[in-house]
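In the working numbering, the protein residues as written are 46 to 346.
The structure appears right after this line, and notes come after that.
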Ligand code: 13P
Ligand code: ZN
């Protein structure tokens, strides 16, 4: 059996296992879930998701919740307190990868590796309404995702829907050799290639080395995400936001590529960042002017 047939078999089984004969398109085949699954597979193919590394959450639209609801569990899980609270996400539904589950396997068995959780009225607890079979729970970084959704919803007037955490190796390597300072790292990334300032004109935030899955990391990231669309976690990885799967994945891809270019150029240059040819601050200003970007002036000399 080919990969596609086996994946299709899982899709069909996933829907019928949950609810018996339900009319409508199985959750696994609905557009939002296909986009979610594709992001997980693309990230795996990039090499960013060793073992259970990385996690993804998606804030569903009301129409998507309505289409998925016939497949929800008759008896959702009990409410689980998150230890954080956000009033602007009260009653929201999120698709989330599972704690300890592998992004590599999402495509083969979505309803085991991914779930849908509902947020309570007070915005401080979740319950599982679909998927994450066999005792699964949302990613250990769910508190981080949740707080950052709250901040990005506010910062984007509701446009942000996707948060994506990965372990892109060149970004992690950069945090071993550069000062852990948003200005220094953003400037290196902007100057890696001319598109970067267009793709993340606000720059990239940076945290120190912190405990994965911890509330402190969630709080530090959400403070930075008031300003930045992406935050680097030193010695860990990268956390990106976006209005859709393409923009969140694209931002991850661009920052990883810029980090790779900067690292390669450093190695080719004997470790020195004094490159023969670079992108000057005037070049960055010219790009920002041409594309009418709200570039972070504090990061320009
Ligand atoms: P989860 O398996 O809980 O999502 O954790 C993976 C990870 O990357 C933690 O930062
Ligand atoms: Zn991680």
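Cβ atoms here follow ideal geometry from the backbone N, Cα and C, with glycine treated the same way.
In terms of residue numbering, what span does the beta strand (DSSP E) encompassing residue 286 cover?
Residues 282-287.
Can at least three beta-carbon pairs, one atom from the stretch 140-159 and one from the stretch 69-84, be found at a separation below 8 Å?
Judged by Cβ distances under 8 Å, the stretch 140-159 makes contact with the stretch 69-84, as three or more pairs qualify.
Once you ignore the five residues that flank residue 306 on each side, which residues in its own chain have a CB closer than 8 Å to its CB?
Same-chain partners within the cutoff: 237 and 238.
What are the partner residues of residue 175, as DSSP defines its beta bridges?
Note: residue 175 sits in a beta bridge opposite 161.
Go to residue 252, then tell me how far its beta strand (DSSP E) extends in each direction, as first and last residue.
250-252 is the extent of the beta strand (DSSP E) around residue 252.
Please work out which residues of its chain come closer than 8 Å, Cβ to Cβ, to residue 292, disregarding the five sequence neighbours upstream and downstream, and give them in chain order.
These residues qualify, in order along the chain: 207.
Would you list the residues sitting across from residue 141 in a DSSP beta bridge?
Answer is 102 and 160.
Would you check whether the ligand 13P has a heavy atom nearer than 7 Å to the C-beta of residue 210?
Yes - the ligand 13P has a heavy atom lying nearer than 7 Å to the Cβ of residue 210.
Quick check on DSSP: helix, strand or coil for residue 108?
Residue 108: helix per DSSP, three-state reduction.
To the nearest angstrom, how far is it from the Cα of residue 248 to the Cα of residue 228?
C-alpha separation (whole angstroms): 8 Å.
Specify the secondary structure class of residue 125 as computed by DSSP and reduced to three states.
Three-state result, residue 125: strand.
Pick out whichever of 128, 111 and 197 has its Cα sitting closest to the Cα of residue 70.
When each option's Cα is compared against that of residue 70, the closest is 111.
Assign residue 276 to one of three DSSP states: helix, strand, or coil.
Here residue 276 sits in strand by DSSP.
When you compare each of 179, 301, 210 and 244 to residue 338 by their alpha carbons, which one comes out closest?
Out of 179, 301, 210 and 244, 244 has the C-alpha closest to the C-alpha of residue 338.
Rounded to the nearest angstrom, what separates residue 223 and residue 318 at their Cα positions?
Roughly 11 Å separates the two Cα atoms.
If residue 127 sits next to residue 170, beta carbons under 8 Å apart, how far is it from one beta carbon to the other, in whole angstroms?
Sure, about 6 Å apart at Cβ, within 8 Å.
Measuring only the C-alpha atoms, how far is residue 118 from residue 163?
The straight-line gap from Cα to Cα measures roughly 12 Å.
Report buried or exposed for residue 51, applying the criterion of at least 16 other Cβ atoms within 10 angstroms of its Cβ.
Because the pLDDT at residue 51 is just 41, under 50, the model does not fix this residue reliably, and the point stays unresolved.
On the DSSP letters alone, give me the boundaries of the beta strand (DSSP E) that residue 208 sits inside.
Taken as a continuous stretch (DSSP letters only), the beta strand (DSSP E) holding residue 208 covers 207-211.
So residue 134 is in the alpha helix (DSSP H); what residue range does that whole segment cover?
Taken as a continuous stretch (DSSP letters only), residue 134 belongs to no alpha helix (DSSP H), as it is neither H nor E.
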